[in-house]
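Novice: The sequence shown begins at 1106 in my numbering and counts up one residue at a time. Glycine residues also receive a C-beta, built at the ideal position from the N, C-alpha and C atoms.
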Amino acid sequence: MIFAAVGAFAQNAQGLAAVGAIDPANGYPRWYLDKNGLQLGQCLDAANPADPCVLAGTFPNPGQPISFPNNFPDEFFYWRTTTTINNIGNVGGRALLVMSTQGGFGGATGTAADGAGAQIVFA
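1. Only counting the same chain, and skipping five residues up and downstream in sequence, which positions put a Cβ closer than 8 Å to that of G1208?
2. What is the rounded straight-line gap between the Cα of L1125 and the Cα of N1191?
3. For T1216, which three-state DSSP category applies?
4. Does the Cβ of I1127 have 16 or more other Cβ atoms within 10 Å, making it buried, or fewer, making it exposed?
5. Grouping DSSP H, G and I as helix and E and B as strand, with all else coil, what is A1120?
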């Protein structure tokens, strides 16, 4: 199973066509573009709470506008999907599959308090 995951990551890396400019407001790429022409932007629009991609992380003041670094989520997504597979092998097993391209922080706290330069994006 580990080998399949490694192969999937290699395939995803080959499918990336372009990365957008760094957003000066938060230090993350504005978007990613795959070789099929699908462009995925930052899911940081708090005005659409029904969107399952928006604001999955926590941040200090959810009622206030998003601002880096003082009121920024500890994680956010460019895209995200999840599914559950029940009764695997007809023996009651269960699996949860989560796939995403996610922004976060690689500093000591794993939050925006780590400041500029600690931003990471991973899939």
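Specialist: The relevant details are as follows:
1. Y1133, Q1147, E1180, F1181, F1182, Y1183, Q1224, I1225, V1226
2. According to the sequence provided, residue 1125 is Gly. The question's Leu does not apply to it. For G1125 and N1191, the distance between alpha carbons rounds to 38 Å.
3. coil
4. exposed
5. Before going on, a small fix: residue 1120 reads as Gly here, not Ala. If DSSP states are grouped into helix, strand and coil, G1120 belongs with the helices.
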